[in-house]
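Colleague: One structure, pasted below without further comment.
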Amino acid sequence: MKVLVIGASGQMGALTVRDLVDHYKADVVAADLKLDRVKKVAELVGINKVTPLQLDATDPHALKQAATGADVVLCNAWYELNIKVMPVAIEVGAHYGDLGGFYDYTFQQLKYHEKAKDAGVTCVLGIGSSPGITNVCGAAGAMRLDSVDTISIYCTWGTKVKTADASFPAYSVRTVLDELTQNPPIVENGKHKRMPVLSGETEVLMPEPAGKVVAYYIKHSEAATMAEYIGKGTKNVSFRIGFPANDFATFKTLAQLGFSSDEKVEVGGCRASPKDFITAMYLRAVASSRDSSDIVDEYDYFRVDVNGEKSGAPATATYFVTTWNDRDSGIPSGRDTAVPPSITADWLVRGKIKERGTLPPEACIDPEPFFKELGKRKILVEEQLQDSRRYY
Ligand SMILES: NC(=O)c1ccc[n+]([C@@H]2O[C@H](COP(=O)([O-])OP(=O)(O)OC[C@H]3O[C@@H](n4cnc5c(N)ncnc54)[C@H](OP(=O)(O)O)[C@@H]3O)[C@@H](O)[C@H]2O)c1
Numbered sequence: 018m019k020v021l022v023i024g025a026s027g028q029m030g031a032l033t034v035r036d037l038v039d040h041y042k043a044d045v046v047a048a049d050l051k052l053d054r055v056k057k058v059a060e061l062v063g064i065n066k067v068t069p070l071q072l073d074a075t076d077p078h079a080l081k082q083a084a085t086g087a088d089v090v091l092c093n094a095w096y097e098l099n100i101k102v103m104p105v106a107i108e109v110g111a112h113y114g115d116l117g118g119f120y121d122y123t124f125q126q127l128k129y130h131e132k133a134k135d136a137g138v139t140c141v142l143g144i145g146s147s148p149g150i151t152n153v154c155g156a157a158g159a160m161r162l163d164s165v166d167t168i169s170i171y172c173t174w175g176t177k178v179k180t181a182d183a184s185f186p187a188y189s190v191r192t193v194l195d196e197l198t199q200n201p202p203i204v205e206n207g208k209h210k211r212m213p214v215l216s217g218e219t220e221v222l223m224p225e226p227a228g229k230v231v232a233y234y235i236k237h238s239e240a241a242t243m244a245e246y247i248g249k250g251t252k253n254v255s256f257r258i259g260f261p262a263n264d265f266a267t268f269k270t271l272a273q274l275g276f277s278s279d280e281k282v283e284v285g286g287c288r289a290s291p292k293d294f295i296t297a298m299y300l301r302a303v304a305s306s307r308d309s310s311d312i313v314d315e316y317d318y319f320r321v322d323v324n325g326e327k328s329g330a331p332a333t334a335t336y337f338v339t340t341w342n343d344r345d346s347g348i349p350s351g352r353d354t355a356v357p358p359s360i361t362a363d364w365l366v367r368g369k370i371k372e373r374g375t376l377p378p379e380a381c382i383d384p385e386p387f388f389k390e391l392g393k394r395k396i397l398v399e400e401q402l403q404d405s406r407r408y409y
């Protein structure tokens, strides 16, 4: 299997490259803006299976050249690039996957459904952890129920030993700043609507050591598709993050100080936007953390509640997705985002995903075998079913 991974030296891209080689012995072209960083990833993973490539995915000619001959193109770079990369994958007849269009881009991508179908390819939109595993959990829950009313998704992360130190997030700092400044969409009573930033405050019980966390609505892709593609009457869909207190304080301060701005400012004769500046700092920190041998035990948790009815009475299917850093391999909990694109690439090439077109995960991924594949990487999905009986 030949896979082109774009953004291959990012936090997620580097782990996807590793999974593709470790689990599927794929031939990977690992593409990113900076050759030295992507070469480093190739050295870590196995230089005979990985070809490093310097590529700016906004250059359509270079992108087409790189994508030609690939069985699958995975876009693990910024979500803004999806809409540039996906049409090129369709044009060259390659299957495609990405980590989500941050709600708004998802709608633009869905417009390519017929084009992708005509080209005989499948574009899986948002196949990371969230969106990704969470969408598949929603579909799994719907299969257990006769009808669905509400799907509520929650996320949190943290470390085993609590620290008061500030840290960079485990995923793109650009996305975190966007999450804290853009109005979160939800589906309420069958209608898509925008809520105020950091509204929807709710206490939710997550597995230990997170325990009870306070979660807020955050802009995410799940609300773009789950009601329509899961169907069964689904009227309400929401996504909330329960930030660890320390991270919440740090990110909120950065957002309030204007670090999410794309407007360039002049400093010492150089012009850069606050967002580009903080991104450069974050990427430097990510690169240097790869050289570090320190092990911090950290986790990533999701909870998906699917509420509805079964046999005429209220019923709930709840999914807990838990991932800890893997001490043996040194792979962080962030693999819960990086592994699903790798599984998807394998399934697309082996024909385990038969539907064609641009589709969200809930429309094309079979939950049980998918959860079992995740389990092989110690990404643990647990299902709890609760139904009720009435004697009146
Ligand atoms: N679905 C999910 O569960 C989930 C979870 C986490 C993150 N995400 C999303 O996944 C995306 C990547 O996240 P991340 O944490 O891996 O980000 P990251 O560490 O910042 O990595 C992004 C990579 O893309 C590269 N890149 C940027 N522009 C490019 C271009 N024009 N051509 C080629 N490569 C380019 C960057 O290169 P430079 O460093 O040189 O700029 C960087 O190496 C984000 O949009 C994030 O929101 C999704």
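To convert, take the position in the sequence shown, counting from 1, and add 17; that gives our numbering.
Ideal Cβ placement from N, Cα and C applies to all residues, glycine included.
No experiment lies behind these values; they were computed from the predicted model shown.
#1: Just to confirm the assignment: which complete beta strand (DSSP E) runs, minimum length 3, are found wholly within the stretch 59 to 142?
#2: Taking only three categories from DSSP, how would you classify K56?
#3: Considering only C-alpha positions, which residue in the set H40, G114 and Y41 is nearest to I23?
#4: Thinking just about the alpha-carbon of each residue, which of V89, A84 and F387 is nearest to the one in A156?
#5: Would you check whether ligand 1 has a heavy atom nearer than 7 Å to the C-beta of Y188?
#6: Count the other CB atoms, across all protein chains shown, that sit within 10 Å of the CB of A244; report buried if there are 16 or more and exposed otherwise.
#7: With T123 and G374 assumed to form a contact (beta carbons below 8 Å), what rounded beta-carbon distance in angstroms separates them?
#8: When DSSP labels each residue in this structure, what does F256 get in the three-state scheme?
#9: With 16 as the cutoff for other CB atoms within 10 Å, does R288 come out buried or exposed?
#10: With burial defined as no fewer than 16 other Cβ atoms inside 10 Å of the residue's Cβ, what is the status of A266: buried or exposed?
#11: Confirm the yes/no value for this check: CB of A241, any heavy atom of ligand 1, distance under 7 Å.
#12: Note the first and the last residue of the continuous alpha helix (DSSP H) segment covering E239.
#13: List in chain order: all unbroken beta strand (DSSP E) runs of 3+ residues lying wholly within the stretch 290 to 347.
#14: Just to check, is the beta-carbon of G137 closer than 7 Å to a non-hydrogen atom of ligand 1?
#15: Which whole-angstrom value is the C-beta distance of V254 and A272, which I expect to be below 8 Å?
#16: I need the DSSP call for I178, collapsed to helix, strand or coil.
#17: Ligand 1 and K51: does the residue's C-beta get closer than 7 Å to at least one heavy atom of that ligand?
#18: Does the stretch 93 to 106 come close enough to the stretch 338 to 350 to have 3 or more Cβ pairs within less than 8 Å?
#19: Counting only runs that start and end within the stretch 186 to 212, where is the beta strand (DSSP E) found for 3 or more residues in a row?
#20: Whole angstroms are fine: how far does the CA of T270 sit from the CA of I370?
#21: Just to confirm the assignment, what range does the beta strand (DSSP E) spanning A232 have?
#22: Compute every distance between the C-beta of A106 and the non-hydrogen atoms of ligand 2, then say whether any falls below 7 Å.
#23: Using the Cα positions of F337 and R394, report the straight-line distance between them to the nearest angstrom.
#24: Taking the runs of the beta strand (DSSP E) that are 3 residues or longer, which of them lie wholly in the stretch 348 to 402?
#25: Spell out a yes or no on whether the stretch 90 to 99 and the stretch 61 to 68 are touching, meaning 3 or more CB-CB pairs, one atom from each, closer than 8 Å.
#26: Does D163 come out as helix, strand or coil in the three-state DSSP assignment?
#27: Might you give, ordered along the chain, the residues of its own chain that have their beta carbon closer than 7 Å to the beta carbon of R406, omitting 5 neighbours on each side?
#28: Output the distance between the C-alpha atoms of L80 and A47, rounded to the nearest integer angstrom.
#29: With H, G and I counted as helix, E and B as strand and the rest as coil, what does DSSP make of V38?
#30: Give me, in chain order, the residues of the same chain whose beta-carbon lies closer than 8 Å to that of V153; leave out the 5 immediate sequence neighbours on both sides.
#31: Let me see if you follow: with CB-CB separation under 8 Å, is R320 close to chain B or not?
#32: Have a look at K229, G149 and I312 and flag the residue whose alpha-carbon is nearest the alpha-carbon of T242.
#33: Per DSSP, L21 forms a beta bridge with which residues?
Modeller: Checking against the coordinates, here is how it stands:
#1: 67 to 71, 89 to 92, 112 to 115 and 139 to 141
#2: helix
#3: G114
#4: F387
#5: yes
#6: buried
#7: In this structure T123 is not in contact with G374, their Cβ atoms being roughly 14 Å apart against a cut-off of 8 Å.
#8: strand
#9: exposed
#10: exposed
#11: no
#12: E239 to I247
#13: 315 to 327 and 330 to 341
#14: no
#15: Incorrect: roughly 25 Å between the Cβ atoms, too far for contact.
#16: Per the sequence shown, the amino acid found at residue 178 is Val instead of Ile. Reduced to three states, the DSSP call for V178 is coil.
#17: yes
#18: These segments do not touch.
#19: 202 to 205 and 208 to 211
#20: 43 Å
#21: A232: member of the beta strand (DSSP E) spanning K229 to Y234, first to last residue.
#22: In the structure on display, ligand 2 does not appear, and the ligands it does have are ligand 1.
#23: 16 Å
#24: For the stretch 348 to 402, whole beta strand (DSSP E) runs of length 3 or above, ordered along the chain, are 374 to 376.
#25: no
#26: coil
#27: A330
#28: 12 Å
#29: DSSP places V38 in helix when its eight states are reduced to three.
#30: Closer than 8 Å at Cβ, skipping near neighbours: P378, E379, I382, P384, F387 and F388.
#31: Here chain B cannot be found, since the structure has a single protein chain.
#32: Out of K229, G149 and I312, G149 has the C-alpha closest to the C-alpha of T242.
#33: V46 and V90
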